Amino acid sequence: MGEVLVVTSGKGGVGKTTTTANLGTALAMMGFRVILMDTDIGLRNLDVVMGLENRIVYDLVDVTSGRCRLKQALIRDRRFESLSLLPAAQTKDKTAVNPEQMKVLCEELRQDVDYVLVDCPAGIEQGFKNATAGASQALVVTTPEVAAVRDADRIIGLLQADTEMRHPKLILNRYRPQMVKRGDMLDVEDVKEHLAIELLGIVPEDESIIISTNKGEPAVLNVNSRAGEAYRNISRRIVGEEVPLMDIEDAGAFMNRIRRLLGLRTG
Amino acid sequence: MLDLLQRILGRETSRASKNVATERLRLVLMHDRMDLTPQMMDSLRSDILKVITDYLEIDEANMEIAFHRDKGSIALVASIPVVKMKRLPTCM
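The following block contains the structure:
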């Protein structure tokens, strides 16, 4: 029986869908059985990022409303046998599903796989409640910006207050070591200190993400993509492997060490 | 000219932007997290009372506890009318 992980952030545009697609694909590459579920009803995107948009027949709302069986709605990825997608409905809205139905659905989904990755919509309303209802662990995605970290903090507070997910894990996305070095971007330590949850990994800003989204091929499939490498590392941490942060990921901590050595850092 | 110089020297101006972000983030999170639920406010109030009543007799009905927000800082301000001091055993 598998684990249900929800990928959430509060703020839109920080990389939830990219993260879901890449972690799911990386886990499937490692041989795990994975289902990706898009819960952004009315604004589905995960199908496009995965390159599966032309194969959708049924969607999540068709399943919860009994118009089709679960197996009929799951789209199997061509690249990996063990990877499938349950797409969101595009023509309905978030009220077409409720948290109770999502709980039941997640329970059914996890029967035959190792991981169910739930792509959560932006916001903290119904869509968020639906996406988190059936999950046992949350991955909070943020970027090193004030607005994104603030929303992540709010999400962490909601997860801890209203769900069983007391220990969400953090993914810091779109990190730019050069800007951090220049002092123009919040560094890893700043973000960690403010959010005070376990850091699962750092994904560098990388043009290859846009290229991979253009093609509908997750970046983890590209051996030369730095972001892809970061996502592969994160998925190894998800399954319990000890993987050190990559060089680029370590830039912030490294600078802090230097600054501390020079006595420039206080507190 | 000054701008160019600053850009060449880089450091001072650019380092500021991260520091500005950190400070703004600190404050905005403090504000956000301060939205304590009425239950949490009540339990804060009763915990404060518990400590104070060991030392003082106070007018509970007229006690006021609230957050005061100011630019750059937040304070927990309590106004607690004292009715009587308790006689404490002198220490040492």
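So the sequences go chain by chain: R and E.
The first sequence begins at 121 in this note's numbering and counts up one residue at a time.
The second sequence begins at 40 in this note's numbering and counts up one residue at a time.
Cβ atoms here follow ideal geometry from the backbone N, Cα and C, with glycine treated the same way.
Note that this is a predicted model, so its numbers are computed, not measured.
- Chain order gives no chain E residues near residue 157(R), where near means a beta carbon separation below 8 angstroms; the closest approach is about 29 angstroms.
- By the neighbour-count criterion, in which 16 or more other beta carbons inside 10 Å mark a residue as buried, residue 79(E) falls on the exposed side.
- In the three-state scheme derived from DSSP, where H, G and I count as helix and E and B as strand, residue 290(R) is classed as strand.
- For residue 210(R), there is no enclosing alpha helix (DSSP H), as DSSP marks it with neither H nor E.
- If you look at residue 152(R), you'll find it isn't in any alpha helix (DSSP H); DSSP assigns it neither H nor E.
- The Cβ atoms of residue 179(R) and residue 146(R) lie no closer than 9 angstroms to each other.
- Per the DSSP secondary-structure output, residue 257(R) pairs in a beta bridge with 125(R).
- For residue 331(R), the enclosing alpha helix (DSSP H) begins and ends at 327 to 335.
- Residue state for residue 61(E) is assigned as helix, using DSSP reduced to three classes.
- Within chain R, the residues 266, 270 have their CB atoms less than 7 angstroms from the CB of residue 67(E), given in chain order.
- About 19 angstroms separates the CB atoms of residue 204(R) and residue 161(R); that is not less than 8 angstroms, and the two are not in contact.
- The three-state reading of DSSP puts residue 263(R) in coil, since its state is none of H, G, I, E or B.
- For the stretch 76 to 104 of chain E, there are no residues whose beta carbon sits under 8 angstroms from a beta carbon of chain R.
- Ranking 273(R), 258(R), 307(R) by CA distance to the CA of residue 284(R) puts 258(R) first.
- Excluding sequence positions up to five before and after residue 107(E), its CB lies within less than 6 angstroms of the CB of 114, 116, all in the same chain and listed in chain order.
- Within its own chain, the residues whose Cβ lies closer than 8 angstroms to the Cβ of residue 273(R), once the five positions on either side in sequence are excluded, are 314, 315, listed in chain order.
- Distance check between residue 247(R) and each of 228(R), 141(R), 221(R) places 221(R) closest, using alpha-carbon atoms only.
- Think of a sphere of 9 angstroms around the beta carbon of residue 71(E): the chain R residues whose beta carbon falls inside it are 270, 273, 274, 277, in chain order.
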